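Everything in the sequence shown is counted per my numbering, starting at 1320 for the first residue and increasing by one.
Glycine included, every Cβ here is placed at the ideal spot set by N, Cα and C.
This structure is a prediction, so every number in the text was calculated from the model and none was measured.
Contents: one structure, followed by commentary.
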Amino acid sequence: GYNRKIYFGSDDGWLYCLDSNTGRCLWKFFVGPVRPVYDGKKYLMKEDERWILGNGRLISSWPVRGAPVVYDGKIYVAGGIFPFMGIFVHALDAETGRVIWSNTGNSMDWQLQPHDSEAFAGLVPQGYIAVNDSFVVIPGGRTTPGIYDRRSGKLYHLELANPPPGRRGDYAVIISGDKFFSGGTMFNLRDGSPLLYVRGDLYDRHFVYSVQDDRLVIQKIPSTILPSMFENLKEWMSVKLNRAPERIFLRAGNTFLGARADGTVMAIALDNTTGRIVWSGKVEGVPWSIVVGDSKVFVVTHEGKLYCFGERRSNAETLVSNKSGESNTASTESNFIKTILEIAKPGAGGYCLIAGDNSDALAKEFLQHSNMYVIVVNSDRTKIDFFRRLMDDADIYGIRTACLLRDPLTVKYPPYFADLICLTEKHMLTSIVPHENIRYLVQALKPYGGTLCVPAEKADVKFLQMLADKYGGSEYKVGWIDGIGWIKRTEKLPGAGWWTHQNADSCNTSMSEDRLVKAPFSVLWFGGPSNDRILPRHGHGPMPHVVNGRLIIEGRDMLRAIDVYTGRLLWEYDIPGIGAYYDRTYHHPGASETGGNYVSLPDAIYALAGGRCIVIEPATGKKVKEIVFCSSDGNAYKAGWLTAGGGVLSAVCSPFRVPSLDPGDVPPSGAEVLIPAGAIWEYYTGKPRDEDWKTFHGSIDGWSRGRAGFGYGVKVQTVLSHMRGKTDTLCLRKQFHVSDPASISQIIFMAKHDDDFTCYINGHEVAKVLGETKRRVELYPKTWPYLATYEEVGVSNVTSFLKRGDNIFAIQAINNHIQDPRFLIEPYVVAVSTTAGQTQTAVPFSPEHTALQTNVITSAEGVYLVVMDPRSGKFLWERKAELAFRHNTVVIGGGKLFCVDGLTSEKRQYLARRGLSVKSASTLYAFDLNTGKVLWQKKGEDTAFGTWLIYSEKYDALVVGGAGVRDRPFDEKSQGLAVYLGRDGSLLWKKPEFVYSGPCIVRDKMIITQPGFF
């Protein structure tokens, strides 16, 4: 409040100014964009009230997001959520609402983003604006705040690409002198640079206040701040309390106000060395904020309640609305409602829009007879106000219903959101036909059943047909029954596509057939259910699917269906452990290696769990049956991956994997340890002064000695925590002895690492591994791959740099972010003898060999390919692999099934070093989909080299290639492409030298690599 006025921002996009005595609106201001509108005589600037669904509510596309603040007779406010749709910052005269300045041009500046990539972006206002004489500071959530010039509105400073830690933002900003505090960091107000970590509850220019255990702790901010102080703010004083608050909210002189999660609110008086609780009170719920005014303390709870503490108890009672207008008689609208519900047949929940003079009465009936979320649109302020109060008293306003004070025929409704629209009066039908904005009402109907109903004579159906023809297409149907005319959007949108498999479809195209969605884009909805049960992004879990208006997404222990047009939760089906393998917050290949574990079709969802296939009904989320994949003689298989197409369901069964090493203990078969795990190395933090440090000639003065591994933030033998924030480089060197270099065919470097490292032998660079590429040999680690397993890097042609006698092995390890809280390099080195094959008898490879881990839950390949009819459960055919069926090479299309039976050269070498000999060549197959008859085959590594197949049904073309890119399997191909004719296997073209990133996308005649196309 300010000068007997109250200001507040709303999610409808308006800033309101009210008289504090009467509640009368003095003025209002739209924070979003304005556009020229022609009224027949001249152009007027009109507010662009474009509505979307936000967190389940109908809100403006540009809600007020920067909480308004008054300073020096001016009020500062910001609006907007999505930079590409516009972010608006305004300074207004606090008395009149007159615009002093507006910043509308910095929401899409070309600038550096996190992860060092450039893009168009800007500040997203999130929280409480702070102002001083020179600057307006607007918080941006996790990003650091934006700093604007207070007099002109010019953006002074914004940095989105801040490396963690130390430059994170928050929803709150505190300005103190030439500094500001946000997200636990003190920043320089002039240039936005971070100065100090200040983890506390309260800040001012001299002190940081916090509660630690049972103590109130005060840390003093030094007048001169040095870089070495960044994380080392010292404790200045502390006082012990008998029952300390868990958080302090504000300070007034020497008194602090704090609270506990149990609802206790307390005031603490601080003397020189002691603290005592002056008074305490209790509220229901968890205190969220505390403010002081008029000699009173006001507490707001998480649960949305407001409490006031003062010197004496007030006699005031809780205020409630007058309910005298509520009728106890049976509603005359009930039959009308039942008829509408019979016509529309909306599913459980959904959105119902009721528009017209009688919308409030009709809304009450809908709330009683359905479980829909009801939105009332009416231009009658009295009716809207009464309905709001009535629903608020019933504790359902904002939960099951909301109101919009607008002319229902002028609102720009979001498309596709309404399961049901009811116009309450007959005259509205003839009124809406010529109205220019009526298209928003018609297009608001949701596909797959959205219905508009209006009281009408049968002859008036022609008006509904006019609307359907003008603003719709074949997906609209029109009808009339019992005095109600209706328009129903019965089908999917013309041109809309589906995404039914991990890579779009059973052909692996990674390309949707959608032709409807085109630029320019805007937000349709945001919000929906929490992502708490959904898989984290770095684990690369199975892709979400979209089919028949439903988005199907996987969690650790369930599948979830969301209304793709509104974000509303439709159902969840619990499948314990279905996504457990992908529930990882570190980078690993995930489903890009294993393939997807579920398929979503219009009539059924097929999900693998523990090797069995569960069939789920898409509309209800209920289990229909289970399918067991069996051999021709009825033996049950464990399925590791599945696909569906051409009317069949196919699975790769009996999944297997190469067993992992016992890290640090078991070197590859036939290898001799040159430098053991846990050996003592010489090390230097930073860049050595002598550039020859990698050789015997280099000086190692000033170097230290320590046991491998080296680093900080994880379990290590030699802790180097002093590196953080000071240097990103660690150099290691170790002497080792070789009696006969000619007897060594290969040196294998084993390392746990985070991040990059380069290896040298006698000064020669022999290997480089980038932490970002994650090319580890351990295929299926259960924990962070760098920290739990060793990555294997082989070096051949060793005689060119090895010498008889003593040699030097050197490593330069790099931490990609100098402030990263974790760094590790833990090496050991082995050598493979040229006579290893003569002294050991290699075991012939078989995918069922006891040396392999068989019938596991997740893998990249399996032994058996099984095809069956999903409806009848009838077995059609099976094929046993000579080597392995890699999941990402099994595609279905054009009545054929294509696959590769093989192993990559990387896996062959890996197995050979462990005593398993792989002699058979890989084979590219084409089978008849229904019979399993071999249509053609091509044997040989030059033909069946691919780790990824794609099929174009339109051109009967089979693409053989790979999908190599970051976070992919260590043996994923990124070189070579070939295209064969599907019907006979004839080669169309081949580019063995072509290097690219994947996965490739097939769109019509193009193969689109990432990046580039031809």
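Using a C-beta cut-off of 8 Å, the region 2303-2312 makes no contact with the region 2282-2293, since fewer than three inter-stretch Cβ pairs fall below that distance. Annotated as distal: Val-1883 and Arg-1903, with beta-carbon spacing of 8 Å or more. Fewer than three Cβ pairs drawn from the region 2030-2041 and the region 2076-2087 lie within less than 8 Å of each other, which leaves the two stretches out of contact.
Looking only at Val-1761, Asp-1714 and Tyr-1516, the smallest Cα-Cα distance to Val-1730 is reached by Val-1761.
When the alpha-carbon of Ala-1737 is set against those of Tyr-1716, Ala-1674, Ala-1680 and Asn-1756, the nearest one is in Ala-1674. Bounds of the alpha helix (DSSP H) holding Ala-1680 are 1678-1688.
As computed with DSSP, Pro-2146 is found in a beta bridge with Ala-2070. If you draw a straight line from the Cα of Tyr-2229 to the Cα of Val-2314, it is about 23 Å long. Boundaries of the beta strand (DSSP E) harbouring Ser-2271: 2267-2271, taken from the DSSP string.
Secondary structure within the region 1736-1810: the alpha helix (DSSP H) runs of 4 or more consecutive residues, fully enclosed, are 1746-1751, 1757-1762 and 1780-1790 (chain order). Counted as a single uninterrupted DSSP element, the stretch harbouring Ile-1406 is not any alpha helix (DSSP H), since DSSP gives it neither H nor E.
Counting only runs of 4 or more residues that sit fully inside the region 1843-1919, the alpha helix (DSSP H) segments are 1910-1913, in chain order. Ranking Glu-1873, Val-1967, His-1907 and Pro-1974 by CA distance to the CA of Ala-1926 puts Glu-1873 first.
With a beta-carbon spacing of about 17 Å, Gln-1821 and Gly-1965 fall beyond the 8 Å limit used to define contacts.
Counting the other CB atoms within 10 Å of its CB gives Asp-1391 a total below 16, which places it among the exposed residues.
Ile-1466 is not a Cβ neighbour of Gly-1405, given a cutoff of 8 Å.
Here the alpha carbon of Ser-1841 sits roughly 28 Å from the alpha carbon of Lys-1796.
With 16 or more other CB atoms across the displayed protein chains lying within 10 angstroms of its CB, Glu-1912 is buried. Around Ile-1544, the same chain offers Leu-1514 and Leu-1515 as residues with beta carbons nearer than 7 Å, after the five sequence neighbours per side are excluded. Per DSSP, reduced to three states, the secondary structure at His-2041 is helical.
Of the candidates Gly-1953, Cys-1949, Asn-1954 and Gln-2329, the residue whose Cα lies closest to the Cα of Ala-1970 is Cys-1949.
The residue from Gln-1430, Asp-1452 and Ser-1436 with its alpha-carbon nearest to that of Leu-1442 is Gln-1430. Taking Val-1695 as reference, the option from Tyr-1670, Phe-1705 and Cys-1722 with the minimal CA-CA separation is Cys-1722.
Assigned with DSSP and collapsed to three states, Tyr-1321 falls in strand. Residue environment for Gly-1332: buried (at least 16 other C-beta atoms within 10 angstroms of its C-beta). Secondary structure at Arg-1700: helix, using DSSP grouped into helix, strand and coil. According to the DSSP assignment, Thr-1658 belongs to the alpha helix (DSSP H) that extends over 1653-1663. It is roughly 6 Å from the alpha-carbon of Arg-1758 to the alpha-carbon of Tyr-1790. Under the three-state reduction of DSSP output, Leu-2230 falls in the helix class. Taking 8 Å as the cut-off, the beta carbon of Gly-1896 is found no closer than this to the beta carbon of Gly-1860.
The beta carbons of Ala-2203 and Gly-2234 sit no closer together than 8 Å.
Rounded to the nearest whole angstrom, the C-alpha separation of Leu-2243 and Arg-2198 is 13 Å. If you draw a straight line from the Cα of Gly-2082 to the Cα of His-2136, it is about 26 Å long. Buried is the label assigned to Gln-1445, since at least 16 other Cβ atoms lie within 10 Å of its Cβ. With three or more CB-CB distances shorter than 8 Å, the region 1457-1474 counts as touching the region 1492-1511. The Cβ atoms of Cys-1932 and Leu-1889 lie no closer than 8 Å to each other.
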